[in-house]
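Worksheet for the structure shown next.
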Amino acid sequence: MKPILSVNQLRTSFFVNGKEIPAVDGVDFTINEGEILGIVGESGSGKSVTSLSIMKLLKDTPGKIVGGSIHFDGKDLLDLSEKEVRELRGKEIAMIFQEPMTSLNPVLTIGNQLREAIKKHLKYSRKKADEHAVSMLTQVGISRADEILQQYPHQLSGGMRQRVMIAMAMSCSPKLLIADEPTTALDVTIQAQILDVMKDMQEKHGTSILLITHDLGVIAETCDRVAVMYAGRIVEQGSVYDLFDDPKHPYTKGLLESIPRIGKRQERLHSIQGNVPMAEDWPAGCKFASRCPFVFDKCLKKEPPLLNVGEGRTSRCWLNENERKEEQVYES
Amino acid sequence: ACGNNDKNDKASESKGSSSDTFTVALESDVTTLDPHDTNDNASYTAESAIMEGLLGFDKDNKVVPVLAKSYEVNKDSTEFTFKLKKGIKFQDGTDFNAEAVKTNIDRLADPESKLKRHSLFELVKETKVIDDDTVRVTLSKPFAAMINNFAHPAAMMISPDAIKKYGDKVSQRPVGTGPFTFEKWQHGEYLKLTVNKNYWNKDLPKVHNIVFKPVPENGARIAMLQTGEADFIYPVPPTDTKTIENTDGLSLVTKPSLIVKYFSMNTMKKPFNDVKVRQAINYAIDKEAFLKVVYNGYASEAKSSIAPDTQFYAGQTPYEYNIKKAKQLLKEAGYPNGFEATIWGGNSSDKVKMMEFYKQQLDKVGITLKTVPMESGTIGDKIWGVTNAKDADLELYNGGWSPSTGDADWGLRPVFGGEEAFPPNSYNTSYYQSNTVNSLLNQALQTSDTAKRKELYGKAQQQIWEDAPWVFLAVPDLIYAKKDSVDGVVMQPSGVMDVRGAEKK
Amino acid sequence: MNHEPLVEVKHLKKIFADSSGLFKKSKPVRAVDDISFIINRGETFGLVGESGCGKSTTGRMLMKLLEPTEGSILFNGQDITKMNDKNVRSLRKDFQMVFQDPYASLNPRMRVKEIIEEPLIVHGLMTSSERERKVHQLLDTVGLSRQHGSRFPHEFSGGQRQRIGIARALAVNPKLIIADEAVSALDVSIQSQILNLMKDLQKEFGLTYLFIAHDLSVVDFISDRIGVMYLGKLVEVGDRDSIIQNPKHPYTKALLSAVPIPDPHRRKERIVLKGDLPSPSNPPAGCPFHTRCPVVMEQCKTEMPVLSNMSEQHQVFCHLYDSKK
Amino acid sequence: MIKYSIKRLLLMIPLLFIITVIVFMFVHMIPGDPARLIAGSDATIDEIKLVREKYGLDQPLYQQYISYMSNLFQGDLGTSIQAGRPVAEMLSERFMPTFWLTVVSMFWSLLFGIPIGLVSAVKRNKWQDHITMVFAVSAISIPSFWLGLMLMQLFSVQLGWLPTGGIDSWKHYILPSITLGAGVAAIIARFTRSAVMDVLKNDYIRTSRAKGLHEYTVLMKHAFRNAMIPVVTMTGLQFGFMLSGSIITETLFSWPGLGRLLINSIVSRDYPVIQAELLLFSFEFLLINLIVDLLYGWLNPKVRYGS
Amino acid sequence: MEIKHVEKPAKSSRFHDFWVSFKKQKVSLISAVFLLLLFIVALFGQYFVPYDPAKVDYGQLFLKPSAAHLAGTDAYGRDIFSRILVGARISLSVGLSSVFLGALAGSALGIISGYFGKWIDSLIMRFCDILLAFPGMLLAIGIIAILGTGLMNVIFAVAIFSVPVFARIVRSSVLEMKSSLYVEAAKSTGAKDTRIILKHVLPGTFSTIIVYFTMRIGSAILIAAGLSFLGLGADPSTPEWGAMLSDGHNYLNTAPHVTIFPGLAIFLTVLAFNLLGDGLRDALDPKIKD
Ligand SMILES: Nc1ncnc2c1ncn2[C@@H]1O[C@H](COP(=O)(O)OP(=O)(O)OP(=O)(O)O)[C@@H](O)[C@H]1O
Ligand SMILES: Nc1ncnc2c1ncn2[C@@H]1O[C@H](COP(=O)(O)OP(=O)(O)OP(=O)(O)O)[C@@H](O)[C@H]1O
Ligand SMILES: [Mg+2]
Ligand SMILES: [Mg+2]
């Protein structure tokens, strides 16, 4: 399979009051054509910042990409001019943002906002763009689509807004769709509908999807591969099956154990003790060390590299060093 | 420069001001065209192009006959008989005759008509038509200065037909005997008059149209003259005279006015109740500097309580600028270290400037002056809202007085006429009360003997000068500017312009 | 657990009728349409349902942030809908809310520290040094570090923001916490920390929760009783076990079947609801769910179902169970 | 919307009634005797009395108010003491020149103010921003008499391109409207800058960028309209001020507008004229308020649908 | 005592943040330095003027700027430069304090109006409408009639002119903020209205207020000058910049420097305030930090 996106050693930092806060600190992953890659991780671990970096949308934040490369379809996005990136955005790479409530312009009709990208990238006439917009809305399960086109965001419920965002992102059949917690605001019945829509997309158009979510159930049901992030880095990567069946990294293990299971009588949920350290006081060794139940001397001294631990599987843990040492993927 | 003229022509073309239109830019709006109900010079100026009186003033403020051929006054100044010129018609075709004169005088004399200029004719007891061209006006009591009232623009003749037809609205549609007839009045924008083809004096008029424009801003008025949009502007502020002088093709004309600039001192209040203090202040002000600083030299020192062009003017020996003497007098009066005083005055920039000047001057003799400029309504209330002289807070008042009729009585009585002239009745802001002056003024009114009157007014002026209820400052010039090619406008000392003879060469 | 009610909601209604509409009169929105339920002292009442069905609106009415159109809310036997502002303010120490939208509910111009200590200041509790300690403790509790305290909300990720909101609500040790989607933006490890914490606090202080969420597994974990809402109406209420193990209403069944299972080997068949979401400004006649119900009957289209008692602890509004009345 | 507007307009009637009371009292309270001021600086006491009687100024205040109001209800605004003409006639001939001058000035102000504001918001703290700031501050701190006279010197006297005053043709509008509009343009520019900067921080701006829209489109389509709300408030206010006539500009350019009428009537305490003008201005502001509110609705659909 | 110890670092860090981000704005920093100098001039100007600003010399009217008279002389032969230095005090105090008062009162009204809504909103807004409709000059005459003359009253009068505009502007931003969720959240914690207004609503209106505030200073100086010509000013001989500028009006053709230099003083001051305002606005806004 051909990779559509490969992110290498991506580092993005925020500069606040003269201090550098590394939010993304050397992230590597690839997405193949037609593949759905899920990213899970601690909140604040840099998932959204990674996706914004790919879109090169850090413009209005104090954030800056300080290193690495992002290859999309053979081009390094970091070398492209703003104009060239604009041509890609919305057409080749589309994104659904985390906040559905504030991500739509309150003073423009839904139709107006939907048509924009269609007209710009597909060069449709207004009438054709309208038809296309209606079909996109119908695809995401909105039935009174032509009526909705005339309405304003505040007239829609949170769930509907989120679906509009999805329709908007998918309207130009992008090669890559980045979905940052697209269903967090939705109830499960709608969530199910939307995940179906996204899967349809992927099947029909071969769209690759980068799906960021906290819901491991969603990951399990939709993704082909999963990457787990912790403190600005990928700590484990692998196919859904491998990851759920046999998590290698202690953090992943902890995560899986923390899932509340429906219908199971639990008095307490399992949880990972301790807190994610702030970027400012990241330790010299493994960043998870302070919370890791399996911590040993080496962990505190040196940060583990991403180790190849199986077919398409990597893990950033010294424990796995002994398991499969021969191939070291990246040294950081 | 010539180049400049080309440009000016372009600009004037766009205005549609052509060679047969004479454009006058005045500071203020024409407010009415009913002379009987007028009290501002801009309106009089416009009215006197349309209408004429029995008598009028020439450029030296001498009374001259206009529609009257001649006039006679009886000995005790109660009967005025006018012989009228013949064959004159109003612009609407009505004959000008004794009946017309009676209609006009009656209108003015009738208190019910509530005309602003009724007071000039309130003494009229009767107006009688003797024959078609003779009319006699009888007063209820002797009033020698009445003849000036007849010459006053307020006494101009309106067509009796028009008065009947329009009533009060005659102020919007005036009909007179003058060389120009009313054409259009766009309020606030312009007033346009056009030639009266049947004017009795065949020499006039010399232009086809006259347009009056209100241009309140000094700078704009000058710019209009520079661009050629106006042929004649009035007034030119003394500070801008250089601009006119430096522009080719424009000239500046000046003329002494009837105005006397003064500041009055409340003679009923300490320390101004002491004549020495008042004289000291007169000595303490450097008039020459005053003329320069305030008027840029376009004024002359006041040498009496009335201006030289006023009837029966008698010049006095000026109080020269002498700080030593001033200090000496103050010391004699018991104020060796001076005192504090407050001066009130209007709030226009030149008046503020004057007051500031007094302050600087009096500082040198130890008098600390507080200057309080006030908006016209406010100062009116503060000075003329006081009914009892004793209650007056007024100490010093920065004023000016100009008798629009040009006669000495109106020049002196309202400002020095004793108790009867105290505010709120009149303008005696120094609360000056001199029996001598009162009786001199009264005597002068009882007689039509010019020599006698001259003597009486002379004495009165001398007395006032010595009593110094005012600080006598200056007689400012009237300054106007025109294109070199323009002529024939007569500026009367009162500030009313006679544009009947205006011409463009 | 005692069964003494802390909160009694009776026939609560909220209709957003618009009065200030400039151009068009829009139809009134029946956001909450006659619901009644009880929350017992020390228990957790879970409220689940479709997005837009009126869960937040219910929560906000309980907080007295919205005036109900009709109905009453008894807190400790007192009707708070009739209370004046002053009394409500002092009562607010006893109930706190965690808002659904984590970012919008944090003042962008205040530092996290200030946000968290605000309730303490408002109720005049503690000295400033005590407050400072408390803030640190709360930050620890929700899994943030002390240095986070001096940052601004926009510098945080979505989940971190949510934790700030939780810390704020916990600050004054309230009796009732209304948690509106309090954990939906959190990753599971933090989520489990918070949920455990909420349970601990409940045990320790006898707290009562109204827990609004759409993640049924979370609701299942934390709740004692669960209410299921659809389009402004409560369609099913019951103790946790009955609802999860033995759901009656077709909507509850659909919800349960749609819960994604965190096991890639069990990609299962769900009950996928067809039909369109009706709008609360134009609710369908009869049962509000009939437009999407897989087992719809003629009767459902015209008649509003009434309450059927499945057991003492389990009520449902559905024509399917009419006979069991 | 029409219904709403009509309702608002009807509500203005009682309001204007209250305003008449306030205006009447205020106008009579300020010092100054119209009779004295209008009779002239050398009027005799008799002349002053005459004026007072003629215009009923000698009557008790309440009586004056009653007769004023009863005339007002018959649509009669009274007669100017100064000019002796019906006030309604005077106002109507002065209104249009001021109105058109206001419209043209506002046109300039928006035409320059908004783009300048946009540019400086986008180029925040760059040289473009600083340049426009200097322009804006100049326009604010240069008094209009200075600007007006300088423009007149340059374009009328030196170049001879434009007339110095009057209202005959479109050429006459250029200098006065620039003079009047400069300060307003500056204010609008500054407000636009500030508002656009605020809006650019919103999430939906990021969304629109994510669609690949050109920065220009993002700014004009997405940021601009949202930023317009505070700008509209300010524009409405300034429009109201200009509609009351600018005393300085109208004086400079001999403009026969309300500003000059106002100053004349205040100086001479021409009560009927002042009262009528104040009523007119109040009405203008109320109307502008209404229009601004309608504009809010147009700009912000949330307001429109009242949620 | 102990309490203070704990508070201190918090406060100073806040100021520190502000300072760090403000420091980066070079232009604003320069403006701040300029204004600081100006304040020094305002306080001590009279001690280092080259000439006595009140000294008249009728032999030296309208001298053009030269080495002896940096800004020339005026209509009484006074040194304009000295007058500008001495005038800084009055112009600054009138400009600043009047706008400050106006902003204070106007913002208070705007906040009350926007926050509480209902009848109080209508009442305040209609009051503002009337105030707006009243021509400045008439209002000024009325104010003199009520209060009499004096510098304090000039400040007061100018403040009154600013009130309705501030009220309007602030109200519209309060309306926007009032509906925000964080205000609702604050309410839910039990905060009183006063606290909500002061802590949550008011800071949000700053950016708008600052823009208008800094713009208004120049206008205030000019309005004050206009008032002193109406006779509202304390003493027309005071070297107030606006008054000097307006006075120069009469000599625009013949002696433009009489206008230009006071005008320049006003311009630079207003410019500095605006640039400073922009800097403050950015520094106070947590979102803009680069
Ligand atoms: N504008 C900003 N200024 C400063 N720091 C920021 C900013 N935005 C994000 N960060 C920091 O960057 C880090 C990563 O944030 P990011 O939003 O990518 O997290 P996330 O993984 O998406 O979390 P969540 O799942 O909660 O959304 C966080 O620690 C956050 O504090
Ligand atoms: N202020 C308001 N004005 C008008 N309608 C409103 C208002 N607030 C909420 N609504 C409407 O009321 C209904 C219920 O809203 P609510 O926020 O309570 O839903 P919810 O159940 O919390 O949904 P979600 O899960 O998406 O948060 C929605 O249709 C919403 O559009
Ligand atoms: Mg995120
Ligand atoms: Mg909700």
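Chains as they are written, first to last, in the working numbering: chain A, 348 to 679; chain B, 928 to 1432; chain C, 1455 to 1779; chain D, 50 to 356; chain E, 2 to 291.
Note that beta-carbon positions come from the ideal geometry of N, C-alpha and C, so glycine has one too.
As the structure is a computational prediction, the values presented were derived from the model and not from experiment.
If you draw a straight line from the C-alpha of N968 (chain B) to the C-alpha of E1430 (chain B), how long is it?
The alpha-carbon atoms of N968 (chain B) and E1430 (chain B) are separated by roughly 21 Å.
So with Cβ pairs under 7 Å, would you call L1476 (chain C) a contact of chain A?
Annotation note: pLDDT 49 at L1476 (chain C) (below 50); position unreliable, coordinate value reported separately. False, the Cβ-Cβ gap to chain A never drops below 7 Å.
Can V684 (chain A) be considered in contact with ligand 1, in the sense that its beta carbon sits closer than 6 Å to one or more heavy atoms?
As displayed, chain A neither begins before 348 nor continues past 679, which places residue 684 (chain A) out of reach and without an answer.
Could you tell me whether the Cβ of Q486 (chain A) comes closer than 7 Å to any Cβ of chain C?
With 7 Å as the cut-off, Q486 (chain A) does not count as an interface residue toward chain C.
Starting from H77 (chain D), trace the beta strand (DSSP E) both ways and give me its first and last residue.
Element bounds for H77 (chain D): not the beta strand (DSSP E) but the alpha helix (DSSP H), 51-78.
Beta-carbon of V1576 (chain C) versus every beta-carbon of chain E: anything under 7 Å?
With 7 Å as the cut-off, V1576 (chain C) counts as an interface residue toward chain E.
Thinking just about the alpha-carbon of each residue, which of B:A1268, B:N1352, B:N1315 is nearest to the one in E1322 (chain B)?
Among B:A1268, B:N1352, B:N1315, the Cα nearest to that of E1322 (chain B) is on B:A1268.
When we look at the beta-carbon of E650 (chain A) and count the other beta-carbons within 10 Å, is it buried (16 or more) or exposed?
Buried, since its Cβ has 16 or more Cβ neighbours within 10 Å.
Taking all protein chains shown into account, do 16 or more other C-beta atoms lie within 10 angstroms of the C-beta of H1768 (chain C), making it buried, or fewer, making it exposed?
With 16 or more other Cβ atoms within 10 Å, it is buried.
Go ahead and label A1335 (chain B) buried or exposed: buried means 16 or more other beta carbons lie within 10 angstroms of its beta carbon, across all protein chains shown.
Buried, since its Cβ has 16 or more Cβ neighbours within 10 Å.
DSSP on H1703 (chain C), reduced to helix/strand/coil?
The answer is coil: DSSP assigns H1703 (chain C) none of H, G, I, E or B.
Does any C-beta atom of chain B lie closer than 7 Å to the C-beta of K357 (chain D)?
Because chain D in this structure spans residues 50 to 356, residue 357 (chain D) falls outside the shown range and cannot be described.
Taking C-beta to C-beta, are G232 (chain D) and I189 (chain D) nearer than 7 Å?
Yes, Cβ-Cβ distance for G232 (chain D) and I189 (chain D) is below 7 Å.
Under the three-state reduction of DSSP, which class applies to H1590 (chain C): helix, strand or coil?
Here H1590 (chain C) sits in helix by DSSP.
Please state if the CB of S1098 (chain B) and the CB of D956 (chain B) are separated by a distance shorter than 7 Å.
In this structure, S1098 (chain B) does not lie closer than 7 Å to D956 (chain B) by Cβ.
Less than 7 Å between the beta carbons of R433 (chain A) and G261 (chain D), yes or no?
Result yes, Cβ atoms of R433 (chain A) and G261 (chain D) sit closer than 7 Å.
Return the residue from the list C:T1511, C:M1517, C:L1598 that minimises the CA-CA distance to Y1684 (chain C).
When each option's Cα is compared against that of Y1684 (chain C), the closest is C:T1511.
Would the region 1503-1517 of chain C and the region 1544-1556 of chain C be scored as touching if the rule is three or more Cβ pairs under 8 Å?
Touching, yes.
Buried or exposed, going by whether 16 or more other CB atoms sit within 10 Å of the CB of H1045 (chain B)?
It counts as buried.
State yes or no: is the C-beta of R217 (chain E) within less than 7 Å of the C-beta of V95 (chain E)?
No.
Indicate whether the contact test is met: 3 or more Cβ pairs, each with one atom in the region 56-76 of chain D and one in the region 301-313 of chain D, closer than 8 Å.
Segments in contact, no.
Under 6 Å from any heavy atom of ligand 3, does the C-beta of S1611 (chain C) make it?
For ligand 3, at least one heavy atom lies less than 6 Å from the Cβ of S1611 (chain C).
Residue range of the beta strand (DSSP E) that G214 (chain D) falls in?
Run containing G214 (chain D): none; DSSP gives neither H nor E here.
Would you say N397 (chain A) and V363 (chain A) are within 7 Å of each other, going by their C-beta atoms?
The displayed chain sequence assigns Thr, not Asn, to residue 397 (chain A). Cβ atoms of T397 (chain A) and V363 (chain A): not closer than 7 Å.
Once the 5 residues before and after D375 (chain A) are set aside, which same chain residues still bring their CB inside 7 Å of it?
Excluding positions up to five away in sequence, the list reads V354, N355, Q356, I581, L653, Y677.
Would you check if the distance between the CB atom of P1106 (chain B) and the CB atom of L1066 (chain B) is smaller than 7 Å?
It is not a contact, given that the beta carbons lie outside the stated cut-off.
Mind checking whether the beta-carbon of Q445 (chain A) lies closer than 6 Å to any heavy atom of ligand 3?
Q445 (chain A): yes, Cβ under 6 Å from ligand 3.
Measuring only from the beta carbon, is A259 (chain D) closer than 6 Å to any heavy atom that is part of ligand 1?
Flag unset: Cβ of A259 (chain D) not near ligand 1.
Looking at H1773 (chain C): is its Cβ nearer than 7 Å to the Cβ of C1747 (chain C)?
Cβ distance not < 7 Å, so H1773 (chain C) and C1747 (chain C) don't count as in contact.
Within 10 angstroms of its Cβ, does F135 (chain E) collect 16 or more other Cβ (buried), or is it exposed?
Burial call: buried.
Within 6 Å: the Cβ of A1485 (chain C) and any heavy atom of ligand 1?
Not under cutoff, so the answer is no.
Does the beta-carbon of K1629 (chain C), which I'm using as the reference point, lie nearer than 6 Å to any heavy atom of ligand 2?
The answer is no for K1629 (chain C).
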